[in-house]
Amino acid sequence: MTDRKSPLAPFKNDTFRNIWIASLSSNFGSLIQSVGAAWMMTTISSSVGMVALVQASTALPIMLFSLVSGALADNFNRRKVMLVAQSFMLAVSVSLSAFAYFGLITPWLLLTFTFMLGCGTALNNPSWQASVGDMVPREDLPGAVALNSMGFNITRSVGPAIGGAIVALAGAAAAFAVNTLSYLPLIFALFRWQPKYDTNPLPRETMGRAISAGLRYVAMSPNIAKVIFRSFVFGLSASAVLALLPLVARDLVGGGPLVYGVLLGAFGIGAIGGALLSARLREFMSSEAIVKSAFIGFALSAILTAVSTNTWLTSAALLVSGACWVLALSLFNVTVQLSTPRWVVGRALSLYQTTTFGGIAGGSWLWGQAAAENGAEMALLASSVVMLIGGAIGLRYALPEFKTLNLDPLNLFSEPLLALDLKPRSGPIVIMIDYVIKEEDMNEFLQVMAARRRIRIRDGAGHWALMRDLENPEVWTESYHTPTWVEYVRHNQRRTKADAIVGTRIRALHKGDSEPRVHRMIERQTTLPHDIAAHKMPIDMS
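In my numbering, the protein residues as written are 108 to 649.
Structure follows, in structure tokens:
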């Protein structure tokens with residue numbers, strides 16, 4: 108019987124433990140702020156759509172700006188990025204508290220403040236999630252992600268109820284003030300953390316090139332693309348419960364802000380249970396089975412929430428939806444992280460967040476409009492149908508199995524000595540590699556080269572082609588371009604130990620007397636001299 112790694116193993120790391128505890132405070136304040144904002148909107152606006160937009164205004168910036176934030180996370184000091192984000196949210200929270208205290212809040216101003224807080228979250232999240240891999244060993248990463256989900260949901264289980272009590276006793280301004288104070292422990296913990304990042308002698312990527320590299324990597328990674336698609340569908344459908352929960356508390360069960368907090372707390376307790384069950388479920392269920400169960404469980408919970416008029420029955424339904432929420436989202440998150448090397452993990456996570464929160468933002472608006480037209484009950488029932496469809500999508504786009512790949516850098520590339528004095532920006536660079544392949548190995552070679560093509564393009568190469576010599580059919584030439592010499596070096600540095608399997612197979616098929624011949628060339632265009640072009644005479648065809 109093999110020993111199981113303790114789910115609390117990441118807590119042995121002082122940095123992770125300290126920042127995790129500080130994050131509890133920050134998450135606690137954020138949830139109290141959310142309760143205050145959602146309930147304040149019900150008091151200053153009679154529009155059902157405006158109530159739903161409170162959640163959408165927080166999720167929308169994450170959809171819009173996370174990709175840029177992911178590029179920042181991969182190209183700048185992540186600790187400093189998080190400090191900037193936390194300080195910005197602190198300043199916004201101070202302003203929101205002041206406006207609320209002096210009675211200056213209007214519906215659109217409230218949405219503006221929540222949107223700005225969402226911008227801070229969008230800047231912070233990719234760096235924070237990518238930093239988990241900087242704090243703990245790779246084997247502890249799944250446990251660390253689960254603990255982060257558990258930490259958030261511990262605060263979710265009690266924070267909303269306390270937030271509802273604060274709003275009921277002292278008003279929304281007091282809830283905003285508590286959120287302001289909650290940023291201070293995390294900022295202090297980040298100041299104390301001194302991570303050691305690997306130095307990269309190459310110049311930093313431009314923002315446009317960094318974003319393109321992230322998009323290209325995900326597009327050429329089918330497993331990540333499946334996770335992102337499924338997370339979008341989950342966010343779109345499951346957002347109905349959280350977006351309409353203020354209306355459920357007020358209209359379906361006839362409660363006030365305290366009842367709303369209790370319902371959110373039930374959702375949080377269920378989420379803690381889901382985090383605790385996640386590792387055990389992965390031992391005997393496939394990733395797709397867990398996600399499919401989460402879709403179905405959430406759908407049943409939404410149906411029960413729609414038909415219930417009893418606070419405790421609705422709370423029981425929300426326990427189930429909370430567990431399903433964490434089971435699905437934590438599994439999506441871990442799969443993305445374990446399928447992505449460190450050089451691009453921030454951008455991959457940001458794309459995952461963009462699609463997930465894009466689904467949440469779009470779903471919040473969609474179900475808010477549906478509730479305005481047909482009532483919260485019908486909106487929840489409609490969302491449950493979409494959840495069931497989301498589970499059925501897995502029949503075609505099944506989630507990849509939960510596994511770890513060795514995505515550490517291969518570190519076998521040495522920059523060659525060149526006869527030409529190239530600058531880093533010199534280019535375009537053309538690479539041609541010659542292989543000698545026997546006729547009987549041709550089919551296997553073509554299959555392996557299909558994998559090589561995907562890896563090359565994924566890591567930044569362009570114009571990839573495979574050519575066969577017409578005079579010597581055993582000679583095959585692989586060619587690809589990079590825009591500059593520095594991008595060629597960067598392309599080779601991105602190769603991982605998992606990618607080495609493809610290279611090993613190709614070299615085994617190569618039957619030449621020596622290693623495959625590599626030609627490194629720079630493109631140069633030729634033009635006619637100006638004086639010849641200007642005085643060129645027409646040809647006399649008479």
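Ideal Cβ placement from N, Cα and C applies to all residues, glycine included.
Contact between the segment 181 to 192 and the segment 470 to 485 is absent: fewer than three C-beta pairs spanning the two stretches fall below 8 angstroms. If you draw a straight line from the Cα of residue 632 to the Cα of residue 564, it comes to about 25 angstroms. When the beta-carbon positions are compared, residue 340 and residue 497 come within less than 8 angstroms of each other.
Residue burial is scored here from C-beta neighbours: residue 352 has at least 16 other C-beta atoms within 10 angstroms and is therefore classed as buried. Spatial neighbours of residue 561 in its own chain (CB-CB distance under 8 angstroms, excluding positions within 5 residues in sequence) are listed in chain order as 327.
In the DSSP assignment, residue 185 falls within the alpha helix (DSSP H) that extends over 185 to 208. Under the DSSP definition of a beta bridge, residue 625 partners with 540. Residue environment: residue 397 is assigned as buried (16 or more neighbouring CB atoms within 10 Å of its CB, all protein chains considered). Nearest to residue 290 by alpha-carbon distance, out of 195, 325, 474, 463, is 195. Just measuring C-alpha positions, the residue of 448, 569, 624, 620 sitting nearest residue 605 is 448. Each residue's CA atom was taken as its position, placing residue 333 and residue 325 some 10 angstroms apart. Burial check for residue 620: the Cβ neighbour count within 10 Å stays below 16, so the residue is exposed. Counting of Cβ neighbours within 10 angstroms places residue 466 among the buried residues, the total reaching 16 or more. Residue environment for residue 521: exposed (fewer than 16 other C-beta atoms within 10 angstroms of its C-beta).
Under DSSP, residue 574 shares a beta bridge with 584.
Contact between residue 118 and residue 242 is absent: CB atoms are separated by about 11 angstroms, not below the 8 angstroms threshold. Contact check for residue 382 against residue 437 passes: the beta carbons are separated by less than 8 angstroms. Residue 577 and residue 622 have their alpha carbons spaced roughly 22 angstroms apart. Nearest to residue 276 by alpha-carbon distance, out of 314, 189, 316, 364, is 364. Counting every other CB atom within 10 Å of its CB across the protein chains shown gives residue 566 a total of 16 or more, marking it as buried. Nearest neighbour of residue 176 by Cα position, chosen from 552, 251, 454, 428, turns out to be 454. For the pair of segments examined, the segment 301 to 317 was found not to touch the segment 144 to 162: the number of CB pairs separated by less than 8 angstroms stays below three. Less than 8 angstroms divides the Cβ of residue 220 from the Cβ of residue 199.
Beta-bridge analysis with DSSP links residue 569 to 588. Here the alpha carbons of residue 135 and residue 278 stand approximately 17 angstroms from one another. In the structure shown, the three-state DSSP call for residue 214 is helix. The DSSP-derived three-state label of residue 633 is coil.
Annotation for residue 420: the continuous alpha helix (DSSP H) segment containing it runs 418 to 445. Residue 287 sits close to residue 197, with the two beta carbons spaced by under 8 angstroms. Under the three-pair Cβ rule at 8 angstroms, the segment 568 to 584 does not count as touching the segment 291 to 301. Put simply, the backbone Cα of residue 411 is about 19 angstroms away from that of residue 380. Out of 272, 357, 485, 408, the CA that lies nearest to the CA of residue 148 is found in 357. Looking only at 535, 408, 550, 239, the smallest Cα-Cα distance to residue 593 is reached by 535. Residue 132 sits close to residue 292, with the two beta carbons spaced by under 8 angstroms.
According to the DSSP assignment, residue 329 belongs to the alpha helix (DSSP H) that extends over 329 to 350. In the DSSP assignment, residue 456 falls within the alpha helix (DSSP H) that extends over 452 to 481.
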